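Novice: Pasting a structure here, questions to come.
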Amino acid sequence: MASTTETTGESVDTRSATTTTQAWSEPGESPLLLLLGSNQDPLSERGVECPGALPEPSDPDLVARALAAKEKLGDRLFILGHHYQREEVIQFADTTGDSFKLAQQAAARPEAEFIVFCGVHFMAESADILTNDDQQVILPDLAAGCSMADMARLDQVEAAWEVLTRLGIADTTIPVSYMNSSADIKSFTGRNGGTICTSSNAAKSLEWAFEQGERVLFLPDQHLGRNTAVRDMGFSLDDCAVFNPRKPNGGLTDDELRNAKMILWKGHCSVHGRFSPDSIDELRNEIPDINIMVHPECKYEVVSKSDYVGSTERIIKQVSEAAPGSAWAIGTELNLVRRLALQNPDKRIMFLDKTVCFCSTMNRIDLPHLVWSLENLAEGRVMNTITVDPETSKWAKVALERMLALPG
Ligand code: SF4
């Protein structure tokens, strides 16, 4: 595992289950409570620990407490807020942005001793990779992971690479990994001659990769890979093959692997992957002049029916610059869409799909966790640090730097 945290504690096996029929009784303390971040989850890869008491969410002084701790820490502290964070948290961010912009912002603040990352685990890892050794990156709740990043584990990716090696095509395959991946996967990418991409520069990263080799292994988001390859690069859907790490040979024949231009890892975002083409049809029937804009992590069928597709930064720009009175349905995380609606009262802005929810892991960073981490810092206790080991960090940085060197 690439990251280390301060997590310690006794193991409790919560997996045991009984098959005997029992009378219903009032449940005791549920193991799920552990996932709220006030204790430990021994089954979680990330660990879930917030030593000491978390403030009560109902505490009316939470805002004042966060401000006081922030003021006490002054320039030693820099708070980053991802666009998908809750309003109650983002109000304290010194800067907001997508994951890559935030990692760059952290690196541009060498005077800040503590980088508090209001986002998810892989983002804090990237910030640790790009900042200097004197800076500490803190994730207010260690349970804030990313289901997409977790869909590509290093052992699975190495096994897939062995398949390509056996077929004699690893040498001509270039790994391209989305920013939304663990430090382990970024490191694998760097070691094997590949690059990182964001949702803004995926086409440029793929162009570079096809100058280096004959095919791409795209990790971990199949939708971003497919959308970019087909919509921006002129490949066909048949040029793309989905590699399922749970099946032998990825569920593909040797020839399918040899002939694919894009080998897409079978991963997806559990938020963006839920938008459906039906909701676009319904909205167009209801509001004929509506503009549909979605993130490229959405499925190909959804992206193909939309008027615009773009990264979070592009969505924000497009909506901000849109004509007053125009109507927009946005397919991205709900916290951002709500914020866009608040910031653009002269436009009609709505969420694309009634059944899609917030990103549950992004939402784990709430005000009590932020206050908890800031107050601990102000008292000299550094909690929930995210540290990527030097070897992983070295190769992950190689992959990130290849992306930075791409033409602007
Ligand atoms: S919105 Fe999707 S990609 Fe982003 S953190 Fe949540 S699960 Fe991961």
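So in this note's numbering the end of the sequence shown lands on 1432, straight run, no missing numbers.
Ideal Cβ placement from N, Cα and C applies to all residues, glycine included.
None of these values were measured; they are calculated from a predicted model.
Would you kindly report the start and end of the unbroken beta strand (DSSP E) that includes P1134?
Specialist: On the sequence shown, position 110 is the one that residue 1134 refers to. Per DSSP, P1134 belongs to no beta strand (DSSP E) and is neither H nor E.
Novice: How would you write the range of the alpha helix (DSSP H) that V1113 sits in, first residue to last?
Specialist: Taking the sequence shown and counting its residues from 1, the one referred to as residue 1113 is at position 89. 1111-1114 is the span of the alpha helix (DSSP H), which, as asked, contains V1113.
Novice: Which residues have their C-beta within less than 7 Å of a heavy atom of the ligand SF4, listed in chain order?
Specialist: Y1108, V1144, C1170, S1171, M1172, A1173, N1204, C1293, S1294, V1295, H1296, E1321, E1357, C1383, T1385, M1386
Novice: What are the partner residues of H1106, as DSSP defines its beta bridges?
Specialist: As a working mapping, residue 1106 is identified with position 82 in the sequence shown. Note: H1106 sits in a beta bridge opposite G1121.
Novice: Give a yes or no on whether 7 Å exceeds the smallest Cβ distance from R1426 to chain B.
Specialist: In the displayed structure, chain B is absent; only one protein chain is listed.
Novice: Of the choices Q1159, E1280, L1104, whose alpha-carbon is the least far from that of S1187?
Specialist: As a first step, residue 1187 is located in the sequence shown; it is residue number 163 there, counting from the start. One point to set straight first is that residue 1187 is Val, not Ser, in the sequence displayed. It is E1280 whose Cα lies nearest to the Cα of V1187.
Novice: Work out the CA separation of N1216 and V1200 for me, nearest whole Å.
Specialist: Translated into positions along the sequence shown, residue 1200 becomes position 176. Translated into positions along the sequence shown, residue 1216 becomes position 192. C-alpha separation (whole angstroms): 10 Å.
Novice: Rounded to whole angstroms, what's the CA-CA distance from L1126 to D1083? Just pull it up for me.
Specialist: Here the question's residue 1126 lines up with position 102 in the sequence shown. Here the question's residue 1083 lines up with position 59 in the sequence shown. Cα-Cα distance, rounded: 30 Å.
Novice: On the criterion of 16 or more Cβ atoms from any shown chain inside 10 Å, does D1508 qualify as buried, or is it exposed?
Specialist: There is no way to answer for residue 1508, as the model of the chain reaches only from 1025 to 1432.
Novice: In the structure shown, what three-state DSSP assignment does S1303 receive?
Specialist: Reading the sequence shown from its first residue, position 279 is the one you call residue 1303. Looking at S1303 - three-state DSSP - the assignment turns out to be helix.
Novice: Please go through the same chain and pick out, in chain order, the residues whose beta-carbon is closer than 7 Å to the beta-carbon of N1156, but skip the five residues on each side of it.
Specialist: If you number the sequence shown from 1, residue 1156 lands on position 132. Once the five neighbours on either side are set aside, the close Cβ partners of N1156 are P1134.
Novice: Could you tell me the alpha carbon to alpha carbon distance between S1260 and P1164, rounded to whole angstroms?
Specialist: For the purposes of this step, residue 1260 is taken as the residue at position 236 of the sequence shown. For the purposes of this step, residue 1164 is taken as the residue at position 140 of the sequence shown. Cα to Cα, S1260 sits roughly 43 Å from P1164.
Novice: Just to confirm the assignment, what range does the beta strand (DSSP E) spanning M1286 have?
Specialist: If you number the sequence shown from 1, residue 1286 lands on position 262. Run containing M1286: 1286-1289, per the beta strand (DSSP E) assignment.
Novice: On a CA-only basis, which of H1292, A1093, I1373, T1356 is nearest A1347? Give me that one, please.
Specialist: Numbered from its first residue, the sequence shown carries residue 1347 at position 323. Per the Cα distances, I1373.
Novice: T1197 and R1239 look like a contact to me (Cβ under 8 Å); what is the Cβ gap, rounded to whole Å?
Specialist: Against the sequence shown, residue 1197 aligns to sequence position 173. Against the sequence shown, residue 1239 aligns to sequence position 215. About 5 Å separates the Cβ atoms of T1197 and R1239, confirming a contact at the 8 Å cut-off.
Novice: According to the Cβ coordinates, are A1420 and S1211 closer than 7 Å?
Specialist: Here the question's residue 1420 lines up with position 396 in the sequence shown. Here the question's residue 1211 lines up with position 187 in the sequence shown. Judged by beta-carbon spacing, S1211 lies within the 7 Å limit of A1420, meaning their Cβ atoms are closer than that value.
Novice: Note down the Cα distance separating T1385 from L1360, rounded to an integer number of angstroms.
Specialist: Numbered from its first residue, the sequence shown carries residue 1385 at position 361. Numbered from its first residue, the sequence shown carries residue 1360 at position 336. Counting only the Cα atoms, L1360 lies some 15 Å from T1385.
Novice: For L1188, does the three-state DSSP call read helix, strand or coil?
Specialist: Here the question's residue 1188 lines up with position 164 in the sequence shown. L1188: helix per DSSP, three-state reduction.
Novice: Given a cut-off of 7 Å, decide if I1103 and D1118 are closer than it, judged by their beta-carbon atoms.
Specialist: Looking up residue 1118 in the sequence shown gives position 94. Looking up residue 1103 in the sequence shown gives position 79. Closer than 7 Å, so yes.
Novice: Which residue spans inside the stretch 1386-1417 form an unbroken alpha helix (DSSP H) run of at least 4?
Specialist: Correct list: 1391-1402.
Novice: Would you give the residue range spanned by the beta strand (DSSP E) that I1316 belongs to?
Specialist: On the sequence shown, position 292 is the one that residue 1316 refers to. I1316 -> beta strand (DSSP E) spans 1315-1318.
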